[in-house]
Structures are given as C-alpha cells and as structure tokens.
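**Q** Let me give you the structure first, and then I'll get to my questions.
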Amino acid sequence: MTEQAERPMARPDEATAELAKAYQPAEVEARIYERWLAADVFAPDGAGSTADHALPPFVVIQPPPNVTGSLHLGHAQRSGVEDLMVRHARMLGRPTLFLPGLDHASIAAQYVLDRLIAAEGETRQSLGRERYLERMWRFITETREVMLTQQRRLGASLDWSRLRFTMDEVSARAVREAFARLYREDLAYRTEALINWCPGCRTSLSDLEVVPTPESGTLWTIRYHLVDEHGAPEPGRWISVATTRPETILGDTAVAVHPDDPRYRALVGQRVLIPFVERVVPIIADAVVDPAFGTGAVKITPAHDHDDYETGRRHGLAAITVLDDEGRVNDNGAAFAGLDRYDARHEILARLDAAGDLEGSKPHEMVIGRCQRSNDVVEPRLKTQWFVRTKPLAEAALAATRSGRTRILPERFEKVWEHWLTEIRDWNVSRQLWWGHRIPAWYCPDGHVTVSADPVGPSACEVCARPAAELQQDPDIFDTWFSSGLWPFSTLGWPEPTPDLARFYPGTVMETAYDIIFFWVARMMMLGIHLLGDAPFETVYLSGLVRDPYGQKMSKTKGNVVDPLEAIDEIGADALRFALINGTAPGNDLRLGREKLENARNFTNKLWNAARFVLGARPAAVSVDAPLAAPDEAHLAPADRWIRSRAAATVRAVDAAMADFAFGEACRLLYEAIWSEYCDWALEFAKVRLAPGAASDAQQAATWWTLVEVLDTYLRLLHPVMPFVTEAIWERLPHRPTDPESLMVARWPSSGPVDAAADADLGALIELVRAIRNARAEAKVDPAAWLPTDVFVPPALWSAFDGLRPALERLARARPLERRSTRDDLRAEVGEGALAVLAGELEAAVRPAVVDDAAAAGERARLERELAEAERLLAAARARLANEAFVAKAPPPVVEGARAREAELAHQVALLAARLGR
RNA sequence: GGGCGGUUAGCUCAGUUGGUUAGAGCGCAUGCUUGACAUGCAUGAGGUCAGAGGUUCAAGUCCUCUACCGCCCACCA
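Numbers 31 to 948, taken from this note's numbering, label the letters of the first sequence in order.
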C-alpha cells in the first residue's frame, strides 16, 4: 500500500488526530489484539467478559488445524466464519466458548517429518521409534507456534486458556477410555481382513483415505493351462484370463467364469495350473463375472483384491499374500521374491510372453486407489487390525439428523450424509505408524486380548491372568480421526465430569469444510452420541472450498496459493475476512482473486475515512467527551430521520441474515448500508448542515449525534466480520455510559423504529438528485456549473424538500433551486431549452446557461427513450390488469400494487409526452 | 453405475418461502485533484436468467426432459 499524502483535516481536534492518517491495518490490528488479550475478553469467564451467565452458552467447534501445517485460505475463511458466529453471540450477551486446538495429524505429520529427516540422511527406520518420536515432538514445538500465531493474526477470538492438542494427556485419556468402552460393548473388534495398504507410508488406511484416481492402464490376456485330474498339463488346452495386474498371478487361487457363459460352461470344475508358482486351482462359476468384459474369465487373487476376496470367501478359496509391507513380492512369489511389485510385473509379462502365454494386451482406462497423503498406489492386503463396528453408531447419528436434533447446513448435504451413513462399512482404526495414540490393547503369549484404559496398562491378562510383564502392547496407533472424533468432549475433559463438560457439551455449531464431512463430522456424531448420549452439536455448518480465480483447488505444487499472512500484511485481516465471507453461501466454493481482496480493502478504507469525517465534523457546541446520546428528535433534519430509519432496517435485515447463517448476505447488507446509504447520502446531506452557520447549534448537534449513533450501530453490526477496524474506530467514538471498554463485548444493537415516511420522502428526493445529475450528464452540461433549477414538489414533500434545500442544491449542482407548487407553475416559469427531469412524482426543469443544437437534440433523444420505455412498461402493466384471472386470484396487495404502478406509469407517460409537445 | 450441485451482465458471483422495473463487485465508457476517502466521486452502457416443455393469475425461483461443467459415492478384473 502506498502511503497517502496527509492533508490537514478540516477541523482538527484531539479525536481526529488519532484518525488523521490513512488506515494502517498492520499497526492497528496488532495493537487491538493486545488490547483484547489484556482485557481478558476471550474466555467466557474472563475478567473482561460481559456475558449474561443466565443465557445458554454458545459453543463453536473449530476443526483443529494440523500441528505441522500452515494457515491457508480455507483456514482463514473458516476461522473467519467461526469467529463471526462467536463474536455475534458474545455481543448478544451469551457466554461463548471458542476453543483453540491443534491436531497431531499422525499420517500427515509423519509424511512431513519423513521428508525433513530424509534431507538429513535419516529415515523413520534408521532413527527407530523412540528417537523418531522425540524428533517429532521437537519439530512440532516449532510448528505449533506458527499455526497459533496465524490464528491470532486473523483475529480469531479463541479462548487461549483452554488450548488443547490431540496428543495431550487430556486427549489421550479420552482416547483410551473411548476405545475401552467400545471394546467392552463389542463395538471394537480385532480381526484379519483385507485392508488398504500404502506401501509408501507403510500403514493401513481407512476407505476414506484411498482416493480413486483415473489412470490409463493395460489389460493383458494370459493363458492358464488346464490340467487333468492328476495335475498334469493337458497339451493345447487353456483358458485365457484378462487382468490389469499380472503380478498378482502369484497369489491366484482360482479362475472364475459366469455360470451362464456357454463358452466356459464345460470348463467349470476343471483345473488350471498357475504359472511360476505351479499351483493347481479350480475354475469356478460365479455371477460376479461379467461375460462381456475381457475374455469373460477372471483370475481370482483373494489376498490382493476386494472383489476376489469376496469371491474367495464364497468359494472357500485360500488367500495367499504375495506382497510385503513395502510392496515387494514376498516368499510366496517363487522366483520373483524380493522384486518390487512393478518390476515383478514386467518380469512376469516377459516370461509369459517368452512362453507364448501372453496372448495380447490393450490400453485400458481404469480407476486405481491412491494414498490420499503420499499418492502411492494402494495395495489391498490381509492384515489383522482393529475395527470399529459402525452400523449401530451410524444409525444413532442418522436418527439425530432425521429428528432434527442436529441440523446440517446447507440442507443438500443431508442426502450425502444419509447415503454414506446408510452404506457405512466398519472403520479400520489401526495404523502402523508411530506418531499418534497407541492402541491400548495388550496380548498375552496365548493370544488373549486385554484392553485397558489405564495409562500404565493392565496389571494382568484378563483371560488367563498372566502378569503384565508377559503381555505385549499392540504396536499400532489409532487413525488420527479417532481422536478427532472425540474432539467436542475430549477437549472439555471427558471422561472426567468436569464443569466445562457439563457447561459446554453439547456444543452449538460445528463449522468445517464439506470435504471432511465423513472423516470428521460423521465420526464426532457417532462417537459423541454413543459415548455421551447426546449429539455433540445442534448445527453443522459446512463451508465451501476456497479456490483460485480459475476454480482450481489451491495447492503449493500448482503455485496458485494466496498466502493469508501475506494478504493480512498487505490489506489487513479485516479485509481478508470480509473478502472470504462476502458473497458466499454455505457449502458453495469461493473463487478468490485479486479483485475481491481489493474490494474488501477499499471497503475497510471507506469505513475508516467515514469515521474520520464524522469525528472531524463534530460541531463546536458538542464537547469532546460528551457521552453518546440519542439525538434530540425535535431538531432532526429529514435526512437524519431517514438514515436512522435505514439503520433500523439494516439491523433487522442483518439479524435475519445472521439467524439464517446467511453471513454473505449480512456482509452485503452492511456494505450497501455503509457505502451506498451512509457515506453516499447521509454524510453528504450532513456536510451541508454541519457547515459553519448552516443551522442552529441544536440542529447541528442533532445531525452530528445521528451520524455518530448510526456509525456506532454499523460498527457493532460489522464487528463480527471486521473486528479490528471496527474496534479501532469505536474506541475513538463517544460511548454510552453503559458501554464496556471494548466493542468486542459491547451489546449487539437492537432495531429502532423504521420510519416509512422518512424512507419514502428521502427516497423521492434522492431520486430527484439522481435524475437531475443524469439529465445534466446526458446533456453534457459542465459538471461544475451551478444551474437554475425549478422543481415541482407535491405538498407532502414540501417539508422534506425545504428542510434539505441547501443539501439538494449542492448535490444537484442546482442554484437557485426553486420549489414550484403546481406543474403548470413549473412549466410557465421555465422556457424552452430547459432540461426536463422526471423523478417519480417530482418534476424538474434545469436551465442551462447555454443550450446548443446538439445538446437540445440529445435532450430530446433522452426524453424519447424515457417515453418509449415508460410506454412499454405501461402497456405491460395494463395487460396485466386486464387479465381478469389476475385481478380475481392474486392477493389484494399485489393487485393494489399493480394498480398504483399503472397509475404512476400513466402519469409519467403523460408528462413525458407533454414535454415532447405531443 | 448411482447421487448432488452449477449454468443469471465481458469476468466472479448474490438473488431467503413464486409477486412491481433481476442486483453487486470487478471490468468497460464519459466526466470529475468536490475539505473523509483517487483504496475516491458522478453518470452511463451491458442480461431471451443454458435449451425445450409443463404447473400457475404470475416462474430466474416449482415440476419434467435435454445439453454442457464440477463434485461426491461405488468391488467391474
């Protein structure tokens, strides 16, 4: 930002000295944040809190960011929305809890650390578990500060006294207790099953962590030779199978065909020889086989394919694992043992080809599962793991949303929610990683399982009573999301019956991006309901994703990332927050580019400058330290009544938007109210009245207090979105005696009366000014010229017109500005060559000093256009009213409105026609 | 293969239960060093609301179909 040349204020005094320069977000935001901290206003029970503890608490649950991560725009948007809700509730006087936290993100963190130590020539394995974990703890003590600082820079009003980390002891205790309870209730079990294995991360993954990725592969056709009943090959007899994964041949235990496939019916029950491993396996019939695909015959590898696993179970086939943890062929792979899976593939294909058993190959588009974290191709493998039985938990979660106990916003996500929870499969919670919560299960030499929530483990095997010394703890850790799923209550001290737990569970709103609805939201719901007996929150507010201007996901590799901290340095956290919230709807993605950020910055600047003006415009008769008081109604100008009414309407509209979670709408309303009403009109009207000698002291005071009162209202309304700049301005404004030190804990405004008459009067006069400006601009009149202007004003508007005449003169560049009592008067007084202006009921004539032919022709053309448009609209309005069905069936107010509209248009047409001499 | 969302001004998007003349920002055009603000002010141009049918007195809004685009879920080798 370039620094503005500083211009002396019109009326410098102490208050404006503070605001005399252009807005400097970096300075102001740092100072304001320190003020909040010092005032202790973040905690619901902090010294500076003004909460009414009789009101129900408002708890916003924030997804704890990854401890090794750094803030991206998605975080910024979410924190902005969360903070907005919290600040709003806080200003309504509710005790609020906005608990900061960090997630240990086991697989993501290990991925980051592995790459870091790789640069130092180390690996996870070379360090060993203990040293690796030490290294991790050291690493995160640095990164966690980065993340926490970033949250502060955003202005998130988090209660730092309650900071939690998913790896702290409070969380660890909750994890052990939760798992032990699930185990006791038979909702957690250990079994061998086909799981998703990432050879790069060397751990199993849940189904959600496997990303189906389209890929161009190859479909190979391979001959399996038939054997006779003694297992001897039958020369010249074979069955051809199609496969995309030749390396899994080594684990084949059958070939399957469709039972109704005439080509193969005779072969069912016969046997084939699996190459290389010399295993004789049956040809089976199973309806899963699609006869139209490939050759219609499928090799079955139960240990390395989900389909085949099921087929194998149906047919009692052996499952032979042929790949190890790193994705290499194991000892079951005969000559290929030790080869990487893809090397083995090539070798096998080469040998098959050499033997004449590779019939052919063709390109094949397929979908392959890749690791969400490392992008490695995920390998289905058999492993003994811990699973959470999700069906009963999911049913309870579904019941909560179906009954309305928990509401999902936007509603359309409820369908996705329903579908996923209905089709849910058991959750593999074992991870073969180190950074995370160790599974609290111990095994005795006889294979008995003991699960214990005790931090030091069980004292003995609970089956055979062998002493603890003979037991071995499971080496695995939990899926990160297991501890995340406990977040709404583990952070409050559960399973201990803490005061916080009693007070703040269940929470009010859970806000997150829709991409983790299953990972996180569903698990919190399932675990919260089961373990605490109540859903963890009333509302799930799902945000969209923040994308670049072209709709691409922002990612470091694409280089299209906007760094929130850079944006904050440049334009301030307020502007960033506004840009991220304005114009968005829940669940909708946001494309963020330069323009939105600049627009938000401009708005901040506009607000700041409006405040500079107001403070600088204080009439001498009002003392510097006068407390904020409602203006003296007896001395209000029409424009004062109008802007007060507009402010009241804005309060109502913003309240409605907030109640609907329509935060983008609230931003829009405030932007328009502040810029297009307050700044464009109220301040302009006020300038004239506040000019020295333009009105009495009492009148000037009333106008100035109106400006202050309305600005105060708008600052309060805007504070949840733009906390810093509103606080900085507010602290310079006169306050009510009942106001607290900080705007952050001041009361949300309540709406005053909406004055329909004032709205209508000013609306008409604003229209008049616009119409005059328009006519002048179209006629290419010198903008600076003061032109004599006459206006016909209906009697109802005389008072408003007269009261605002000096302002109208200035705004319309009309002087002298004369009021005419009848239209005839107007026309009689104004000769040819005047610009005709129509603004609703009002009619004006502007007399240019010089009217040349071109201007006269342009003027006539303008009137012709207006007339044509008015006639078109009038015809439409008449057609509507001519429709008997409309008059009979539409609600009376609508018909009434249509009649009024018709009359107005008819009037306008008549006036324009008269002007054109018709 | 299911499901969801989108299609509104040159661009990015609002438009809450159907109801006067469909809005904003940016961009564009024409002017303005207007005593808060050039991060600004004034004025203007620009839209068959993807297409087709339907319901209704009335449709951007509700229903059906179609076409593109995007996302989610899904065990076709």
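Ideal Cβ placement from N, Cα and C applies to all residues, glycine included.
For a test of the three-state rule: what should DSSP assign to V142, helix, strand or coil?
**A** Helix, per DSSP.
**Q** In or out: S234 buried (at least 16 other Cβ within 10 Å) or exposed?
**A** Buried, by the Cβ-count rule.
**Q** Rounding to the nearest angstrom, what Cα-Cα distance links L737 and I598 in this structure?
**A** The straight-line gap from Cα to Cα measures roughly 30 angstroms.
**Q** If we call anything under 8 angstroms between Cβ atoms a contact, is R375 one with E308?
**A** In this structure, E308 does not lie closer than 8 angstroms to R375 by Cβ.
**Q** If we count the other Cβ atoms within 10 Å of its Cβ and call it buried at 16 or more, is P265 buried or exposed?
**A** P265 comes out exposed.
**Q** Which residues does DSSP pair with H394 in a beta bridge?
**A** The partner list for H394 (beta bridge, DSSP) reads G247.
**Q** Assuming R124 contacts A81 (C-beta within less than 8 angstroms), just tell me the rounded distance between them.
**A** Confirmed, about 6 angstroms.
**Q** Assess contact between the stretch 219-229 and the stretch 404-424, defined as three or more Cβ pairs (one per stretch) separated by less than 8 angstroms. Is contact present?
**A** Verdict: yes, contact present.
**Q** Alpha carbon to alpha carbon, what distance is there between A866 and R910?
**A** Each residue's Cα considered, the two are about 30 angstroms apart.
**Q** Assuming contact is defined by CB atoms lying nearer than 8 angstroms, are H394 and T273 in contact in what I supplied?
**A** Cβ atoms of H394 and T273: not closer than 8 angstroms.
**Q** Applying the criterion that 16 or more other CB atoms from any shown protein chain within 10 Å of the CB defines a buried residue, is Q140 buried or exposed?
**A** That one is buried.
**Q** Taking C-alpha atoms, which residue in N635, R908, W465 lies nearest to W705?
**A** If we check each option's Cα against that of W705, N635 comes out closest.
**Q** In the DSSP assignment, the alpha helix (DSSP H) including M555 goes from what residue to what residue?
**A** First-last of the alpha helix (DSSP H) with M555: 553-562.
**Q** Might you give, ordered along the chain, the residues of its own chain that have their beta carbon closer than 8 angstroms to the beta carbon of E771, omitting 5 neighbours on each side?
**A** Result list for E771: A69, G78, in chain order.
**Q** Rounded C-beta distance between L114 and I611? I'm assuming under 8 angstroms.
**A** With a Cβ gap of about 7 angstroms, L114 and I611 count as contacting.
**Q** Which residue marks the beginning of the beta strand (DSSP E) containing I313, and which one marks its end?
**A** Segment 309-315, the beta strand (DSSP E) holding I313.
**Q** For a quick check, are the C-beta atoms of A731 and D662 less than 8 angstroms apart?
**A** Yes, they are a contact pair.
**Q** Specify whether the stretch 642-655 and the stretch 604-622 touch according to this definition: at least 3 beta carbon pairs, one from each stretch, less than 8 angstroms apart.
**A** Because the criterion of three Cβ pairs below 8 angstroms is not met, the stretch 642-655 and the stretch 604-622 do not touch.
**Q** Counting C-beta neighbours from all protein chains within 10 Å, is the total for V372 16 or more, i.e. buried, or is it exposed?
**A** With the sequence shown as reference, residue 372 is identified as Tyr, and Val is not the correct amino acid for it. It counts as exposed.
**Q** Quick check on DSSP: helix, strand or coil for K810?
**A** Three-state result, K810: coil.
**Q** For H102, does the three-state DSSP call read helix, strand or coil?
**A** H102 falls in the coil class under three-state DSSP.
**Q** Buried or exposed for N96, going by 16 or more other Cβ atoms inside 10 Å?
**A** Classification of N96: buried, given that the 10 Å Cβ count is 16 or more.
**Q** Would you call M540 buried or exposed, if buried means 16 or more other Cβ atoms sit within 10 Å of its Cβ?
**A** It counts as buried.
**Q** Does the stretch 563-578 come into contact with the stretch 430-439, if we say contact requires no fewer than three beta-carbon pairs (one atom in each stretch) closer than 8 angstroms?
**A** They touch, by the three-pair rule.
**Q** Quick check on the burial criterion: 16 or more other C-beta atoms within 10 angstroms. Buried or exposed for D258?
**A** It counts as exposed.
**Q** Runs of 3 residues minimum, wholly inside the stretch 305-388: which ones carry the beta strand (DSSP E) assignment?
**A** Fully enclosed beta strand (DSSP E) runs of 3 or longer: 309-315, 327-330.
**Q** Any chance you could list the beta strand (DSSP E) runs of at least 3 consecutive residues sitting entirely within the stretch 499-578, in chain order?
**A** You should have 537-543, 567-573.
**Q** Excluding the 5 residues flanking A56 on each side, which residues of the same chain have their C-beta closer than 6 angstroms to its C-beta?
**A** For A56, where only same-chain residues beyond five positions count, there are no Cβ hits under 6 angstroms.
**Q** What is the DSSP secondary structure of T819, reduced to helix, strand or coil?
**A** Strand at T819.
**Q** Please classify A689: does DSSP put it in a helix, a strand, or coil?
**A** Residue state, collapsed to three classes: helix.
**Q** Indicate whether the contact test is met: 3 or more Cβ pairs, each with one atom in the stretch 121-138 and one in the stretch 186-194, closer than 8 angstroms.
**A** The stretch 121-138, when compared against the stretch 186-194, does touch it at the 8 angstroms Cβ threshold.
**Q** Would you check whether the ligand HEM has a heavy atom nearer than 7 angstroms to the C-beta of T414?
**A** Judged by which ligands are present, the structure shown has none, so any question about the ligand HEM falls away.
**Q** According to DSSP, is E790 part of a helix, a strand, or is it coil?
**A** According to the sequence as given, residue 790 is Ala; it is not Glu. Of the three classes helix, strand and coil, the one that applies to A790 here is helix, per DSSP.
**Q** Going by the DSSP bridge assignment, what does L127 pair with across the sheet?
**A** In the DSSP output, where bridge partners are listed per residue, L127 has V89.
**Q** For E739, count the other beta carbons within 10 Å of its own beta carbon; 16 or more makes it buried, fewer makes it exposed. Which is it?
**A** E739 comes out buried.
**Q** What's the gap between the Cα of M752 and the Cα of A686?
**A** Each residue's alpha carbon lies about 19 angstroms from the other.
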